[in-house]
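Asker:
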Amino acid sequence: MPGYRYDGQKAVIFTWADGIEAWDELFAKYGKQYGQHLSNMIKRLERLGDFGQLPPDQLHHQQDGVYAVKSRSKFRVYGWFESLNGKKCFVIGQAAFKKEDKADPTKIKRCIQLMNDYKRQNGESK
């Protein structure tokens, strides 16, 4: 599964840069043992794509425009919102199996760097 993309009714959800590798690694490492939990994460992302939003307990602002999409298990994806060709997008920059109650600060920091890189590459300045 090379990365992830879902074209929902309200938003496009896709992995970008490190997010592709992190997403693929998550499935390679945990797919057999936690397949149902990963399926639930995909359903949650599809819901975000179809409705353009999630309840606050499922979509949590972390820092500097980076959000965490939380599943019922310990899987998290970190990303940010963009507009692409007039459509709302959620760009996944990191994916992780969360081992502690708090978000991994290195994942958040890296996601902020990726978000800034994305904006620079697409002509937006921060």
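Residues are numbered in the numbering used here as their position in the sequence shown, beginning at 1, plus a constant of 3.
Glycine is no exception: its CB is placed at the ideal position from the N, C-alpha and C atoms.
These numbers were taken from a predicted model, which means no experiment stands behind them.
Have a look at Lys35 and Leu29 and give me their C-alpha separation to the nearest angstrom.
Answerer: Looking at the two C-alpha atoms, the distance is approximately 11 Å.
Asker: Taking contact to mean at least 3 C-beta pairs separated by less than 8 Å, is the stretch 40 to 50 in contact with the stretch 112 to 126?
Answerer: Contact fails: fewer than three Cβ-Cβ distances are below 8 Å.
Asker: Quick check: the Cα distance between Val69 and Phe93, rounded to an integer number of angstroms?
Answerer: If you take the alpha carbons of Val69 and Phe93, they lie about 10 Å apart.
Asker: Is the stretch 43 to 59 in contact with the stretch 19 to 27, if contact means three or more CB pairs nearer than 8 Å?
Answerer: Too few Cβ pairs lie closer than 8 Å, so no.
Asker: From Asn130 to Tyr37, what distance separates their C-alpha atoms?
Answerer: The requested residue 130 does not occur in the structure, where the chain is confined to residues 4 to 129.
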